[in-house]
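Enquirer: One structure, as structure tokens, below. Some questions next.
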């Protein structure tokens, strides 16, 4: 075990931020993307779903690569390669989607492997895990805030290139300070990912990740349109609204400790109920109610995320594979939620999207109750 050095934790936090910023920054600026490339709202929403889908595909191989070559090498290589993607011109929507696909493929090498890496390398792994997940959540919030503000001041293309270059620079810093992960297994194969699915805690984590993030992505991939059309907000103002999502970072630091005292299943059940209440608040035609709903939704969803991901990583024998499975289902859920919401919103409006989110929350709640009963 390696002692926790503050400067290493800072770089780890920054790398986590960069990884998720590359995925989520398009969510608040879908309307601007549609205008820039002269595509429909549904086509513009593919800027997120393409990255999410390629991320999920890449995760199938990340655990194998990390156990064969070392988690540090996979994370650093992914970050530096993202910086190189900045060299690809994005003059057309097709080229932009190609770059987004590469962002998803490469960004996958950081979050899942990072959670497994900190649980095996560092002393006080729970503390470092919570910090790393806080970086992921803060990055998701920052992406939505900086996405709107950055597109307003810089433009969509310039924002895209800037984020990629910053990621490459942070990865170079990480290469200099991260301790080596010497536990490699040359006999490991991608099929070991399937063997990890025999673990009940891994299966529970995977299904939970799918449900809660499908519920979240359904709302967040259309929320920018609602804020622009119903309340007349521009990209800058939408970015400020998304800053309320910082409540998710707060939850990531509070809920794991409560879960240790009260139990994971109790915490997850309460957070699902809060997520359902948040969706109802978003249905009220009041700007204050919308702000409250965004705050509660982020707190609930990422309270679940931190609690369940920490349990999944700590109980797994093959940590890289377990967290790859977890993150595969996390992003498949996001892809499903965002994709279905993208179809529903133009046809049935905002309330259909909220109903879809509540449906995923309800299924997740029932699965959690079933798991709690089986664990007794």
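In the numbering used here, the protein residues as written are 18 to 393.
For each residue, glycine too, the CB sits at the ideal point set by N, CA and C.
When the Cα atoms are used, what is the spatial distance from residue 378 to residue 232?
Expert: Rounded to whole angstroms, residue 378 to residue 232 spans 6 Å at the Cα level.
Enquirer: Looking only at its own chain, which residues have a Cβ that is under 6 Å from the Cβ of residue 315, when we skip the five neighbours before and after it?
Expert: Counting only Cβ-Cβ distances below 6 Å, and skipping sequence neighbours, we find 262, 264 and 265.
Enquirer: Going by C-alpha to C-alpha distance, which of 154, 192 and 124 sits closest to residue 317?
Expert: When each option's Cα is compared against that of residue 317, the closest is 154.
Enquirer: So, is residue 382 buried or exposed, given that buried needs 16 or more other C-beta atoms within 10 angstroms?
Expert: Buried is the call here.
Enquirer: Is the region 324-340 in contact with the region 119-138, if contact means three or more CB pairs nearer than 8 Å?
Expert: Yes, the region 324-340 is in contact with the region 119-138.
Enquirer: Can we say the region 179-199 touches the region 49-66, given the rule of at least three CB pairs closer than 8 Å?
Expert: No: fewer than three Cβ pairs fall under 8 Å.
Enquirer: Is it true that the CB of residue 352 sits closer than 7 Å to the CB of residue 69?
Expert: In this structure, residue 352 lies closer than 7 Å to residue 69 by Cβ.
Enquirer: Keeping to the same chain, check which residues put their C-beta closer than 6 Å to that of residue 17; ignore five residues upstream and five downstream.
Expert: One cannot answer for residue 17 here, as it falls past the ends of the chain, which runs 18 to 393.
Enquirer: Which stretch, first to last residue, makes up the alpha helix (DSSP H) that contains residue 85?
Expert: Counting along the chain, the alpha helix (DSSP H) containing residue 85 begins and ends at 63-86.
Enquirer: Is the separation between the beta-carbon of residue 169 and that of residue 259 shorter than 7 Å?
Expert: No.
Enquirer: Below 7 Å between beta carbons: does that hold for residue 226 and residue 346?
Expert: For residue 226 and residue 346, yes; Cβs fall inside 7 Å.
Enquirer: Determine, using beta carbons only, whether residue 166 and residue 256 come nearer to each other than 7 Å.
Expert: Taking 7 Å as the Cβ cut-off, residue 166 and residue 256 qualify as a contacting pair.
Enquirer: Taking 7 Å as the threshold (C-beta atoms), are residue 307 and residue 156 in contact?
Expert: Result no, Cβ atoms of residue 156 and residue 307 do not sit closer than 7 Å.
Enquirer: Short of 7 Å in beta carbon distance, which residues of its chain neighbour residue 270, apart from the five on each side in sequence? Order them along the chain.
Expert: Excluding sequence neighbours, residue 270 sits near 147 and 151.
Enquirer: Where does residue 264 fall in DSSP's three states?
Expert: DSSP places residue 264 in helix when its eight states are reduced to three.
Enquirer: I want to know whether the region 281-293 touches the region 76-89 - three or more CB-CB distances under 8 Å.
Expert: No, because fewer than three Cβ pairs between the region 281-293 and the region 76-89 fall closer than 8 Å, the two stretches do not touch.
Enquirer: Looking at the structure shown, is residue 23 part of a helix, part of a strand, or coil, going by DSSP?
Expert: If DSSP states are grouped into helix, strand and coil, residue 23 belongs with the helices.
Enquirer: Using alpha carbons as the reference points, say which of 321, 366 and 297 lies closest to residue 385.
Expert: Closest option to residue 385, Cα to Cα, is 321.
Enquirer: Roughly how many angstroms lie between the CA atoms of residue 74 and residue 103, to the nearest whole one?
Expert: Spanning the two alpha carbons is a distance of roughly 21 Å.
Enquirer: Could you check which residue in 110, 49, 160 and 195 has the C-alpha nearest to that of residue 24?
Expert: Of the listed residues, the one whose Cα sits closest to residue 24 is 195.
Enquirer: How big is the Cα-Cα spacing for residue 279 and residue 324?
Expert: Cα to Cα, the separation comes out at about 12 Å.
Enquirer: From 31, 79 and 364, pick the residue whose C-alpha is nearest to that of residue 186; which is it?
Expert: The shortest C-alpha separation from residue 186 is found at 31.
Enquirer: Measure the Cβ-Cβ separation of residue 67 and residue 114 and say whether it is below 7 Å.
Expert: Contact: yes.
Enquirer: For residue 44, tell me which candidate among 116, 174 and 160 has the shortest Cα-Cα distance.
Expert: Minimum Cα distance to residue 44 is reached at 160.
Enquirer: Taking the Cβ atom as the reference point for each residue, do residue 327 and residue 221 lie within a distance shorter than 7 Å?
Expert: No. Outside cutoff.
Enquirer: At the level of alpha carbons, what is the spacing between residue 94 and residue 118?
Expert: So the two alpha carbons sit approximately 17 Å from each other.
Enquirer: Secondary structure at residue 89, three-state DSSP: helix, strand or coil?
Expert: Residue state, collapsed to three classes: helix.
Enquirer: Is it buried or exposed for residue 219, if we count other Cβ within 10 angstroms and need 16 for buried?
Expert: The residue in question, residue 219, is buried, as its Cβ has 16 or more Cβ neighbours within 10 Å.
Enquirer: State the start and end residues of the unbroken alpha helix (DSSP H) segment that holds residue 303.
Expert: Neither: residue 303 is in no alpha helix (DSSP H) and is coded neither H nor E.
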